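Participant: Structure incoming, see below.
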Amino acid sequence: MSEALGAKPLVGKTAFTAEEEAAAPAEAQHLGGFRLFRGRMKEGQCPECAVVHDAEQPHNQQSLFYQYSFREKHGRWPTWADAMAHCSPEVKAFWVKELATFGVVVGGPGKPVEECVEAGAEAFREGKRLQDVPAEWSELERAAWRRGWLQTRREEQKGE
Ligand SMILES: [Zn+2]
1028 MSEALGAKPL
1038 VGKTAFTAEE
1048 EAAAPAEAQH
1058 LGGFRLFRGR
1068 MKEGQCPECA
1078 VVHDAEQPHN
1088 QQSLFYQYSF
1098 REKHGRWPTW
1108 ADAMAHCSPE
1118 VKAFWVKELA
1128 TFGVVVGGPG
1138 KPVEECVEAG
1148 AEAFREGKRL
1158 QDVPAEWSEL
1168 ERAAWRRGWL
1178 QTRREEQKGE
């Protein structure tokens, strides 16, 4: 009936006031205005990744909902190893093999937030274009690059 309403979790960019921004948890301030809005879940939807899957299966590491939800709790972006941390050794082994066929190597935990932010900012300072940054870069690293770009644009516009 009202299934369509609020069933989908939203990851949205919204305009926050300076006060709201300052009141946000420190880790959320790294997200450049992005916040996770937890909508109502459909039946069977996993509360961690918002994908319908059996509890013994991995979360979908590619789900934006999962990435933001995980980051909210752990202060860093999830890897596939995180996404299957709750799985049995058999299930893990299956997915490690399955993901390998897509060229995905299941490694350890991801980089800490500060490292991501610094890497993104540095790439921008070095004059790297966003399309040249490593494909495995997380949204956080990309966001740090964009922030550098935005600041430069603003300074240029002030100078004009
Ligand atoms: Zn899940």
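Residues 1028 to 1187 in the numbering used here are what the sequence shown spells out, letter by letter. Quick reminder that beta carbons are idealized off the backbone N, C-alpha and C, glycines included. Predicted, not measured: the structure shown is a model, and the values here were computed from it.
Does the Cβ of residue 1129 have 16 or more other Cβ atoms within 10 Å, making it buried, or fewer, making it exposed?
Facilitator: Flag for residue 1129 reads exposed.
Participant: Output the distance between the C-alpha atoms of residue 1163 and residue 1155, rounded to the nearest integer angstrom.
Facilitator: About 15 Å.
Participant: Do the CB positions of residue 1076 and residue 1088 come within less than 9 Å of each other?
Facilitator: Yes, these two residues count as a Cβ contact at 9 Å.
Participant: Between which two residues does the alpha helix (DSSP H) carrying residue 1156 extend?
Facilitator: Careful: residue 1156 lies outside any alpha helix (DSSP H) and carries neither H nor E.
Participant: Tell me whether residue 1161 is buried or exposed, calling it buried when 16 or more other Cβ atoms sit within 10 Å of its Cβ.
Facilitator: So residue 1161 ends up on the exposed side.
Participant: Along the chain, where does the alpha helix (DSSP H) that runs through residue 1109 open and close?
Facilitator: 1107-1110 is the span of the alpha helix (DSSP H), which, as asked, contains residue 1109.
Participant: Just the Cα atoms here: how many angstroms apart are residue 1116 and residue 1110?
Facilitator: Roughly 13 Å between the two C-alpha positions.
Participant: In whole angstroms, what separates the C-alpha of residue 1144 from that of residue 1068?
Facilitator: Approximately 31 Å, taken between the alpha carbons.
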